[in-house]
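In the working numbering, the protein residues as written are 2 to 411. Where is the CB? At the ideal position from N, CA and C, for every residue including glycine. Worksheet: the structure to be examined is printed underneath.
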Ligand SMILES: *Cc1c(COP(=O)(O)O)cnc(C)c1O
């Protein structure tokens, strides 16, 4: 977001104009920023055969998927429907990896039928996979190296109590199953969670995977998942991609030499690719002065952006209607009948009822985590691309809300 002549813009388009044209609440994505993030990651790992499998659970609108496909990205999917969205957007099956957790074997069979890469994160499923396919269909194994990423256990998946992956300590059991069924393992995977701060943590996990790789002679790729941290507020520590890339590149090249073959290196970033591209535009319905604070009540809530309430996530909030207004302290809340506080004690330029309130970093896990709670509609989505704002999803209406209800006579 830039400010030019007292007007906030993204991708060269006025955000206020978008709010006027498409109404609020509305999610807005800057396509140029998405492409820039993708290219930055790709470039950082240039010396390697790196493949970026965009984790589409972060943001799965088909327009975004097509945009990333046109740049050469692949896709990381966690449900059969995400997989189908990927195919529908034109991704070839061999560019898609299916990394589900605790889904039925029937769902995995459906994914196999679509010829995508299968990532297995449970020994029970591995046994069923072996019994069903033997060595006719290769699979990737998701290992849990038990390294702790970041401090937030709600978004960390590598710790000992985590439900994700097969514990590295169960490797012997994994190898027994593989040998018994003659399973062909073409990839090893780890995804330690959503907040990796430094190259050290990544490399620690990498070493564990490299060590494990010695037991898997048929590998084509090693998939390091994601966990790239992005800045949500000024001064936040972020993953230094270039630093990380330099450290990993050298170590990965050494590993390939030891392994005897050049393997592909895969990453599955979600947040890193789309978070910063997104703006969530809402309107101030009411200003409510209480004995404790001044509330800014907006026309949205945890039904549209749940990260602040679910993860204590910080989203910067800006009053884009009053760029020169005097800064004042507010508590920004939603209209849902729950305590849906977006932020306490935020400094916003003086807010008037009707002003447009913008949430930054709303590209990842915003729309895709939205719901119909309180019988509210999910909002519209707009993509800014090549200096033009495109509506890429309509806001829901009352019909959408009642579509699947079945009337009975009472
Ligand atoms: C969620 C997820 C990702 C993406 O994580 P980000 O923090 O958004 O980059 C990657 N891989 C897997 C398996 C995931 O579940």
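Comparing C-alpha positions only, which one of the options sits nearest to residue i?
i, options, result
"residue 245", "10, 17, 46 and 9", "46"
"residue 288", "253, 317 and 358", "358"
"residue 40", "56, 26 and 72", "72"
"residue 281", "369, 403 and 405", "369"
"residue 169", "207, 133 and 395", "207"
"residue 397", "384, 378, 386 and 391", "378"
"residue 267", "50, 21, 19 and 92", "50"
"residue 1", "188, 229 and 330", "Beyond the ends of the chain as shown, which are 2 and 411, falls residue 1; an answer cannot be given."
"residue 374", "274, 364, 339 and 238", "339"
"residue 311", "301, 341 and 328", "341"
"residue 348", "364, 286, 102 and 331", "331"
"residue 125", "102, 292, 67 and 259", "102"
"residue 1", "376, 365 and 299", "With the chain running from 2 to 411 in the structure shown, residue 1 is simply not present."
"residue 20", "404, 405, 391 and 401", "391"
"residue 120", "388, 87, 78 and 83", "78"
"residue 277", "231, 4 and 67", "231"
"residue 54", "33, 313 and 93", "93"
"residue 238", "200, 270 and 269", "200"
"residue 183", "137, 98 and 173", "137"
"residue 118", "107, 105 and 98", "98"
"residue 297", "285, 190 and 314", "285"
"residue 214", "181, 257, 227 and 174", "257"
"residue 62", "179, 38 and 28", "28"
"residue 294", "279, 313, 316 and 329", "329"
"residue 178", "32, 190 and 133", "133"
"residue 57", "393, 279 and 269", "269"
"residue 162", "6, 106 and 193", "193"
"residue 209", "219, 191 and 218", "191"
"residue 174", "32, 6, 365 and 127", "127"
Taking the C-alpha atoms as reference points, what is the distance between residue i and residue j?
i, j, result
"residue 13", "residue 122", "43 Å"
"residue 216", "residue 176", "8 Å"
"residue 334", "residue 382", "21 Å"
"residue 81", "residue 145", "23 Å"
"residue 25", "residue 380", "8 Å"
"residue 96", "residue 247", "25 Å"
"residue 407", "residue 241", "52 Å"
"residue 202", "residue 148", "7 Å"
"residue 9", "residue 361", "12 Å"
"residue 272", "residue 60", "9 Å"
"residue 1", "residue 336", "Because the chain in this structure spans residues 2 to 411, residue 1 falls outside the shown range and cannot be described."
"residue 114", "residue 171", "29 Å"
"residue 308", "residue 283", "16 Å"
"residue 253", "residue 229", "18 Å"
"residue 275", "residue 35", "6 Å"
"residue 18", "residue 2", "14 Å"
"residue 205", "residue 225", "11 Å"
"residue 261", "residue 236", "43 Å"
"residue 302", "residue 386", "27 Å"
"residue 243", "residue 251", "12 Å"
"residue 164", "residue 15", "44 Å"
"residue 186", "residue 69", "28 Å"
"residue 91", "residue 85", "10 Å"
"residue 223", "residue 304", "37 Å"
"residue 255", "residue 249", "10 Å"
"residue 87", "residue 221", "22 Å"
"residue 135", "residue 116", "16 Å"
"residue 233", "residue 48", "30 Å"
"residue 346", "residue 363", "20 Å"
"residue 402", "residue 376", "7 Å"
"residue 166", "residue 367", "25 Å"
"residue 356", "residue 389", "23 Å"
"residue 76", "residue 290", "47 Å"
"residue 131", "residue 319", "53 Å"
Measuring only from the beta carbon, is residue i closer than 6 Å to any heavy atom that is part of ligand 3?
i, result
"residue 214", "With respect to small molecules bound, the structure shown includes ligand 1 and not ligand 3."
Within the structure, which residues are defined as neighbours of ligand 1 by a Cβ-heavy atom distance below 6 Å, reported in chain order? 56, 58, 59, 77, 79, 100, 192, 195, 226, 227, 228, 229, 269, 270, 271, 272, 273 and 365
Counting pairs of beta carbons, one from the segment 346–355 and one from the segment 317–330, are three or more of them closer than 8 Å? yes
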